[in-house]
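Per the UniProt record's numbering, the sequence shown runs over residues 1 to 114.
We put the beta carbon where it would ideally sit given N, CA and C, even for glycine.
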Amino acid sequence: MAMPCPGLHSLRELPDLVLSEEVVEGIAAGIEAALWDLTQGTNGRYKTKYRSLLFNLRDPRNLDLFLKVVHGDVNPYDLVRMSSMQLAPQELARWRDQEEKRVSAEFSQDRKGM
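This is how it looks when you write it as structure tokens:
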């Protein structure tokens with residue numbers, strides 16, 4: 001039985017994306033197994049990573065990550081090992097990069113002025 005993906009407001013923009021219940025369960029089971037393998041239990045590390053993955057996969061600004069997971073471009077093994085920077089929406093990653101460059105440039109100018 002085909003079903004639309006629940007929990008993501010931005011999926012309304014993708015009415016053609018329909019996944020079978022089996023596909024959704026397979027993706028979820030793969031992520032769960034990879035997360036368990038990484039953390040070796042439901043400890044604090046597991047819970048923190050779980051929350052991070054859930055937040056980023058549900059974020060309507062992070063549709064790119066969601067689609068990469070759904071289409072298999074990012075497999076569960078790699079997904080659970082991604083850093084918060086890698087999981088972040090592209091606009092946030094770009095902002096962080098720009099902010100780092102700005103701070104670095106200011107620091108360099110301050111050092112030159114000494």
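| Query | Result |
| --- | --- |
| Helix, strand or coil for residue 136, going by three-state DSSP, please let me know. | This structure gives no information on residue 136, because the portion of the chain shown stretches from 1 to 114. |
| Which stretch, first to last residue, makes up the alpha helix (DSSP H) that contains residue 84? | 84-87 |
| Going by the beta-carbon positions, is the gap between residue 29 and residue 80 smaller than 8 angstroms? | no |
| Terminal residues of the continuous alpha helix (DSSP H) containing residue 45? | 44-58 |
| What's the call for residue 57, buried or exposed, on a 16-neighbour Cβ count within 10 Å? | buried |
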